[in-house]
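All letters in the sequence shown, in the order written, are residues -35 to -1, 1 to 707 by mature numbering (1 follows the signal peptide of the UniProt record, and there is no 0).
In this text, a Cβ means the ideal position worked out from N, Cα and C, and glycines have one as well.
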Amino acid sequence: MSARPSASPPAPGPRLLLLSLLLLGTVPGPHPGSAFYLPGLAPVNFCTEEKKTDECKVGKVRRAASGGGVAVGGVAFRSGGGRAGQAGQAGQAVRAGAVLPRGRFPKAEIELFVNRLDSVESVLPYEYTAFDFCQASEGKRPSENLGQVLFGERIEPSPYKFTFNKVENCKLVCTKTYNTEKPEDKQKLDFLKKSMLLNYQHHWIVDNMPVTWCYDVEDGQRFCNPGFPIGCYITDKGHAKDACVISSEFHERDTFYIFNHVDIKIHYHVVETGSMGARLVAAKLEPKSFKHTHIDKPDCSGPPMDISNKASGEIRIAYTYSISFEEKKEIRWASRWDYILESMPHTHIQWFSIMNSLVIVLFLSGMVAMIMLRTLHKDIARYNQMDSTEDAQEEFGWKLVHGDIFRPPRKGMLLSVFLGSGTQILIMTFVTLFFACLGFLSPANRGALMTCAVVLWVLLGTPAGYVAARFYKSFGGEKWKTNVLLTSFLCPGIVFADFFIMNLILWGEGSSAAIPFGTLVAILALWFCISVPLTFIGAYFGFKKNAIEHPVRTNQIPRQIPEQSFYTKPLPGIIMGGILPFGCIFIQLFFILNSIWSHQMYYMFGFLFLVFIILVITCSEATILLCYFHLCAEDYHWQWRSFLTSGFTAVYFLIYAIHYFFSKLQITGTASTILYFGYTMIMVLIFFLFTDQHRLTHLLVVAALKGENAKLEAGTHTVQAGLRSASWRNATDLVPEPVVFE
C-alpha cells in the first residue's frame, strides 16, 4: 500500500487565479474549453454483452489514496453514480488532472429517453405520448425536479433499446396504422400533420446527453441541433418547408413526409482497454424517411414515406432505426459537451458585447468621478469658506435644496414595497448566476437553474421584508402591517396571477408546459408557508431598528421648485436613463430570448455574470448622474425619479421583445401569441424590480454627499437652509429658520 500523500493548501494567488478563470469561462487543461465546463451526471461505463460478465468487471480497481473512492488506470474517482437520462441528480466532474466521480460497473444496455416535443412556430410543447409514436412497453419514468416541471420537460423511457457496440441495420420498432374513415384515427393523423406543418422537434437523450442532428449551415459552419423534426411539408405550390430541403426526393406537392427512420451513431471513449469498458462521448443521428412495403422485412433504401394532405383510406407507417458505434480516442468524457457548444454561435459577439459594455461603464465612471471628486469638492470647499458672521451668499444648484433632499416621497408605501421585492430579486439573481458560473447549474443538470432561482426567492423573503420596513419607517410610515402584507403579496401575486392565466391556456391546449395541480399547490405552499413568514421576520427586525437618520434636517416649509427646462423634467430624464443600461445587455438579451423561444442551448453564464455586474454599475452610475443634474436644477423630488430612471430599462426590454417577436420568430396561433406576451410581461416586471433596486446605491451616494457636507461644517458654520428663489427675495417672512449641521 502506498503512503497517503500529504496535501498542502494552495496559495491564495493560484486560488484567485482559478476562481477568475472559472468566472471568465476558461479552465486550463489539454482540451479546448467552452465558455465554462458543463458537469453532468456521474459517468456510466458500457461494455459489450460478451465481456460484461468477465473482463469488464475485473478491472484494475483499487482504493484511491484520497479515500472513499476508487482509482482506475491511475485516475482517481470519488463515489457517486447516476442513471442515464435521469433528471435532477447532481454530479461534478472537472477536466484532466481533477477528481472525477466513480462510474458504475459497466453495463451493456443503452437506454434512450424521450423528452417533450416543441416548435419554434408554437409556444405549446407536447409530451411524447401525445403523439401516436411507438411507446415503451416497460420502464420507469424518471422523476423530475421543480425546474423541469416549470419548463414543461417530460422525460420518459422510449421503445428504442440498444446494446453497446452491437450494430443494427433497419430494425423495426413498431407499426402504426390509420384509417381515415375512423374519427379517432383521423384525429391522430391530423394532429401528426399539424405537428409536421409547425415543425415540431423530437428531443432524445442518451446517457444524459442530447442526441444531436448535425448538419452544415452557412459560411462552412456545422451546427449540431439537440433536436430533429417529426417530418416536413411540401406546399401546394411546390415550396419545400423546413427540413424538406435536405432531399430532392421530397417533391410531391401538398404532401407531408414523415421521418420514420433514424440513423444513429454513438461515439465512445475507452476508459482502459479490457478492464472498465467505455464511456459515451457523443450521440448523433440523421433523420430519414422510407416507405416500407413489406413490414416484416423493412427496406431502408426505398422511396420516402409520403402522406398526401388529401389521402384517404388506410395509411401504414413503420418506424425503424439503424445504429452504429465509433471509438473517439481524442474526446474525453469530461469534454463531451464541447462539440455541441462549439457549434453554438458567436462567442466573438459575446466579447464584443462585453467590451461595448465596459466602454459605457468607464464613461459613466469617469463622469461620476468628475462630479464627486471635482465639482462637489470645490463647491463644498467654497461653501465652507463663508464667514459665519456674514450673510449667506446667494448660491445655486444642489446646495439650495439640501434642506428638502430627504423629504418623504409621495406613495412611500409603494416605493418601499418595490424596494423590498427588488432586493429579493437582486440577491437571487446574483447567487444564481454565481453558481451557474461555477458549473453547478449547467444544461447537463436539467432544471437546476430554475429550481435554484425559485428556492432562493423563497428563502430570501427576510431581506425583502427588512429593506421594505427600513425604508418605510424612514419615510415616516406607521402602517407596518399593510407594508409587510404588500411586500409579501403584491409583486409575487401579480406574477402568480399572470402565470396562472397562462397555465389555464396551456391546460386548455393540452400542452406539457401546463403545470400540474399538485405542483401549483406545492408552489403556493412554498410561498405562503416559507416566503411569507420569512418576510414577516425580516419586517419585524426592520421596524424594530431605529429609522434611518438623515445627515441634515428637513425644512418645515417645502421649497418652491422653479420652472424646469425640457431636459430636466422627469419624463425626458427617465427615458434617457434607461438607454445606457439597455445598451449593456441587448446582445445578451438576444441569446437569452433565443434560448427561451427558439429552444437553443444557453451556456454562457460566465459572460452573463459579467454583464450582470456591468448592468448593476451602469444603472447606479446613470441614475447618480441624472439625479445630480436634477438637483442642480433645484428639483428635490428625486426618490421616484431615480427609481424609475434605471427601471425604464424594462420598457426597452419590452420594446425589444416585441421587435424580436415580429422580426425573429415565426409563431402562429392566438394561444401561442398570448402565451408569448404573457410570459414576457412576467420577465419585464421582474427586470423592472431588479433594475429599480439600484436606487439603494443612489440613496447611499446622496446620504454620503449630504453627510460630507454636514461633517465639514460641524461646529463651525451656520448656514441658511432653503435660500430664497428670485420670487421670494422680497418675502422675508417666508425665509426658513437657519439650520445648524451637527
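Between residue i and the rest of its own chain, which residues show a CB-CB distance below 7 Å, the 5 nearest in sequence each way excluded?
| i | result |
| --- | --- |
| F551 | Y621 |
| F594 | T533 |
| V235 | A243 and E292 |
| A615 | V649, F652, F653 and T656 |
| C417 | T397, F400 and L406 |
| L(-12) | For L(-12), the predicted model reports a pLDDT of 40, less than 50, meaning its position is unreliable; a value from the coordinates is still stated below. For L(-12), where only same-chain residues beyond five positions count, the Cβ hits under 7 Å are G571. |
| V366 | R524, L596, E599 and Y601 |
What is the residue span of the alpha helix (DSSP H) that residue i lies within?
| i | result |
| --- | --- |
| D303 | D303 to L306 |
| F547 | I544 to W562 |
| I502 | V497 to K509 |
| I223 | First-last for I223: T220 to I223, but that is the beta strand (DSSP E), not the alpha helix (DSSP H). |
| I632 | Taken as a continuous stretch (DSSP letters only), I632 belongs to no alpha helix (DSSP H), as it is neither H nor E. |
Given that a residue counts as buried once 16 or more other Cβ atoms are within 10 Å of its Cβ, and exposed if not, what is residue i?
| i | result |
| --- | --- |
| Q166 | buried |
| G203 | exposed |
| T394 | buried |
| L665 | Confidence at L665 is low in this model, with a pLDDT of 49, below 50, so its placement is unreliable and the value that follows should be read with caution. Exposed. |
| P252 | buried |
| A462 | exposed |
| N511 | exposed |
| I260 | exposed |
| D369 | buried |
| V132 | exposed |
| A334 | exposed |
| I282 | buried |
| L536 | exposed |
| M161 | buried |
| N10 | buried |
| C494 | exposed |
| K294 | exposed |
| T633 | exposed |
| L391 | buried |
| C209 | buried |
| L380 | buried |
Where do the N-terminal and C-terminal ends of the beta strand (DSSP E) with residue i fall, by residue?
| i | result |
| --- | --- |
| N190 | R187 to N190 |
| E586 | Run containing E586: none in the beta strand (DSSP E); it sits in the alpha helix (DSSP H), F570 to C597. |
| Y284 | E279 to E292 |
| Y91 | S87 to Y91 |
| R606 | That residue, R606, is in no beta strand (DSSP E); its alpha helix (DSSP H) goes Q604 to G612. |
| I272 | D271 to S273 |
| G242 | G242 to K253 |
| D83 | L82 to S84 |
| A96 | A small fix is needed here, since residue 96 is Phe in this sequence, not Ala. F96 -> no beta strand (DSSP E), and no H or E assigned at all. |
| I75 | E74 to V79 |
Candidates the options: which alpha carbon is nearest residue i's?
| i | options | result |
| --- | --- | --- |
| F255 | T285, G278 and I280 | T285 |
| V120 | I459, D172, S560 and N274 | Reading the sequence as shown, one finds Ile at residue 120 and not Val. The shortest C-alpha separation from I120 is found at D172. |
| F383 | R518, S453 and P71 | S453 |
| W605 | F215, L323, M646 and F371 | F371 |
| M415 | L425, L398 and L403 | L398 |
| G503 | Q389, L163, N559 and I75 | Q389 |
| S84 | E149, H168, T13 and L137 | H168 |
| S300 | T258, N274 and Y233 | Y233 |
| P71 | N110, T128, Y91 and P124 | T128 |
| L554 | L491, M541, L619 and W302 | L619 |
| T500 | M332, K262 and G385 | G385 |
Does any residue of chain D bring its CB to less than 8 Å from the CB of residue i?
| i | result |
| --- | --- |
| L485 | The structure shown contains no chain D; it is built from a single protein chain. |
Return the chain-ordered list of same chain residues with a C-beta closer than 8 Å to the C-beta of residue i, the five sequence neighbours on each side being excluded.
| i | result |
| --- | --- |
| I544 | Y617 |
| N468 | A479, I480 and L485 |
| T583 | S322, I325, V326, L329, L545, P546 and C549 |
Going along the chain, which residues of its own chain have a beta-carbon closer than 6 Å to the beta-carbon of residue i, five neighbours each way excluded?
| i | result |
| --- | --- |
| P175 | P191 |
| K158 | F221 |
| C189 | T177, C179, I305 and S308 |
| I579 | S322, V326 and C549 |
| G507 | Y431, A434 and R435 |
| F290 | N130 and I231 |
| S496 | V423 and G426 |
request  = Go through the region 105 to 140 residue by residue and report every complete run of the alpha helix (DSSP H) that reaches 4 residues or more, in order.
outcome  = When DSSP assignments are scanned along the region 105 to 140, the uninterrupted stretches of alpha helix (DSSP H) that are 4 or more residues long and fall wholly within it turn out to be 111 to 115.
key: Contained beta strand (DSSP E) runs [length at least 3] in the region 155 to 199, N- to C-terminal order   = Here the runs fully enclosed are 169 to 171, 178 to 181, 187 to 190 and 196 to 199.
query = Can you list, in chain order, the stretches of the alpha helix (DSSP H) that have 4 or more residues and sit fully within the region 439 to 494?
reply = Taking only runs of at least 4 residues, the alpha helix (DSSP H) segments lying wholly in the region 439 to 494 are 445 to 474 and 482 to 491.
4 or more residues per run - each alpha helix (DSSP H) lying fully within the region 360 to 419 = DSSP runs (the alpha helix (DSSP H)) wholly in the region 360 to 419: 377 to 402.
query = At which residue ranges does the region 517 to 547 contain complete alpha helix (DSSP H) runs of 4 or more residues, listed in the order of the chain?
reply = As far as the region 517 to 547 is concerned, its whole alpha helix (DSSP H) runs of at least 4 residues are 535 to 542.
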